[in-house]
Structure formats: C-alpha cells, structure tokens
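Data block below; observations after.
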Amino acid sequence: MLDQAQKLRQLAENQGEYKKKAKIITITSGKGGVGKSNIVVNIAIQLRKMGKSVLVFDADIGMGNDDVLMGIYPKYNMFSVISNDMDIMDVICDGPEGIKLLSGGSGLNKIEDLKEEERKVFLDKLESLDEFDYILMDTGAGINRSVLAFIACCDELILVTTPEPTSLTDGYSLLKAVDHFNIKKNASIIINKTLENDEGIETFSKFKGVVQRFLNLEINYLGQIFEDKKLVQAVRSQVPFSIKYPNCSASKCIIDIADNLVGIKGENNHSGATGLFKKIFNIFS
C-alpha cells in the first residue's frame, strides 16, 4: 500500500510534465445511487452546447451505464485498439448533441497484462483524443485502487453527493483517502437530489466545515441539482434529461454547473489522453 501511495503522489505531482492537451475531469462519488453517471452525461451535453468538444470516458470497470443513459450500445471498448487492431476513433461512439463516448468495459483490468510494445502502440493510438477540449471520466463509486488512480491522474476532481447523511459520510471517506495519500489538494462538489433552493449551498457549507476541520483539502461548490421526476422518465426513455426536458429544473441546474466548470481557473498544463494513460500504466504496472 505504501508503494502504491508513493506512485499516486508522484503522478499527481508530475502533472506539469505534459504539454497543453485535453482537460481531464474525474467525476466520482463515495457511494452508488447518487446519480453520478446521469450528471456526467448531461454536463457533457451542456459543454458541447457551449461549443466545447467533449469525450465521456466510462471508467466504471464492468459496471458502466453511460451508454444506456445515452441510448447507444458500444460494440467495442478502448482495448479493442489492441485486441482488434483498431483506430481509437473507430472505437468511440457518437452520442447525443455531438458528444462522444469511449467505453472502458472490462478492459481496464487488462492493463497489467499488456506487453511493453502493446503499451506503446496503445499510447500512440490515443494521441488523437487530445483533440478534445474535455475528457470526462465517469468512475465507479466508492474507494478502491481504480478510483484513486483516476483521481490521481486527472486535472480536476468532482465529487457528487446528496444531502443524505450516508451519502455525505461516504463522500467524506473518499476525500479522506484522497487526503491521506496526498494525491489531490482541491475538489469541486455537486449536491444532487436537493428539494429546496438553499439546500445545496447549506449542505455544502456543513460538509465544507467538516472537511476543513479534519482534512488538508480545499473544496468548492460547483452547484446543486434538484430532485425531479422528469429525470426518472428520461432514464427510462434512454434520452438524457437535458435533451428530453430542457426547461426542467434539473436541466437549468446543469447549465449553471457547466458554466461554473468552464469558469474554473487552473493550470493549463493538462495531461491529455496520452499523459493520462501513461500515469495509469505506472499505477497498474
């Protein structure tokens, strides 16, 4: 564990080694059922509407459902570029409103098995992904090596939680692990499933108080998303809610969150896709 923690810290510290490329944003949660994937897909759509090129990378190993939320069914995952000798752009699926989807499938488990030459070919084929403005990584929920690796490798970290005590406790536990391994110093928070106008900021303020007291982490409020029955209807119809119900309260919240996300000022030395997977290889090797 110590060796792994060392790798995570080194990868986070070496963020400046790569040229300006796609901005990598990891969106995660402390537990399942908080609506994370639904948020990822709809943020991607809103960023695209703002003129940004966006790739959603479904990194929930073996359990991803971004494709279902978009109403598409990928035939390949990212490791098809090796197993089927395909170009990365042939593996990527077209999503709604011009966003793109790259399925991780169960392929991430194969990283450790790649030979050195296969890794080189894989990284070379990923270079074209750096044409995107944003790569949104939708991780699995909870605390495990894969989630912490994706957090260590990203340019921005977003944690999705709800006002429920269990969700906040699990979200705090994830940030505690991030702080313990010293892999990130900042995180943005989205409060989902709120019922009132002030519930998001009030929940965040209480959460921030605990984080500031016990952790060496800075967190900022990215926004809230109202509980809305239309979200359930959109999921059932496999059409993202910001498309099916563009004027619903949740869709308006997504617009605000995307605006806030674009407005975050950070360093411009983004890792890009190649840099991202170089770091992942280092962790899983």
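In the numbering used here, the protein residues as written are 119 to 403. We put the beta carbon where it would ideally sit given N, CA and C, even for glycine. None of the values given here were measured: they were computed from a predicted structure.
Check                                                                                                               : Outcome
Option in 339, 149, 250 with minimal Cα separation from residue 218                                                 : 250
C-alpha distance - residue 142 paired with residue 351, whole-angstrom precision                                    : 30 Å
As assigned by DSSP and simplified to three states, the class of residue 134                                        : With a pLDDT of only 48 at residue 134, under the threshold of 50, the placement of this residue in the model should not be trusted, and no figure is reported.
Residue range of the unbroken alpha helix (DSSP H) whose run includes residue 389                                   : First-last for residue 389: undefined, no H or E at that position.
Residue 244 classed as buried or exposed, judged by whether at least 16 other C-beta atoms fall within 10 angstroms : buried
Simplified DSSP state of residue 341, which is helix, strand or coil                                                : strand
Exposure of residue 240, with buried meaning 16 or more beta-carbon neighbours within 10 Å                          : buried
Span of the beta strand (DSSP E), counted from its first residue to its last, around residue 181                    : Unbroken run through residue 181: none, as it is neither H nor E.
Close Cβ partners of residue 371 (< 7 Å) along its chain, the five nearest in sequence each way excluded            : 341, 342, 343, 344
Expected contact under 8 Å - CB spacing of residue 271 and residue 398 to nearest Å                                 : 6 Å
One or two residues paired with residue 359 in a DSSP bridge                                                        : In the DSSP output, where bridge partners are listed per residue, residue 359 has none listed.
Distance, residue 366 Cα to residue 294 Cα                                                                          : 35 Å
Proximity below 8 Å, CB of residue 248 to CB of residue 144                                                         : no
Check whether residue 382 and residue 337 have beta carbons under 8 Å apart                                         : no
Cα-Cα separation between residue 298 and residue 356, rounded to whole angstroms                                    : 39 Å
Integer Cβ distance of residue 277 from residue 158, believed to fall under 8 Å                                     : Wrong, their Cβ atoms sit about 13 Å apart, outside the cutoff.
Environment of residue 274 [buried if 16+ CB atoms lie within 10 Å]                                                 : buried
Beta-ladder partner(s) of residue 256, from DSSP                                                                    : 145, 176
Where residue 193 falls: helix, strand or coil (DSSP)                                                               : coil
Cβ contact (3+ pairs, closer than 8 Å) linking the segment 206-221 and the segment 171-178                          : yes
Residue 304 - partner residues in DSSP beta bridges                                                                 : 336
Buried versus exposed, by CB contacts within 10 Å (16 or more), residue 286                                         : buried
Contact belief for residue 200 with residue 236 at Cβ below 8 Å, rounded distance in angstroms                      : 6 Å
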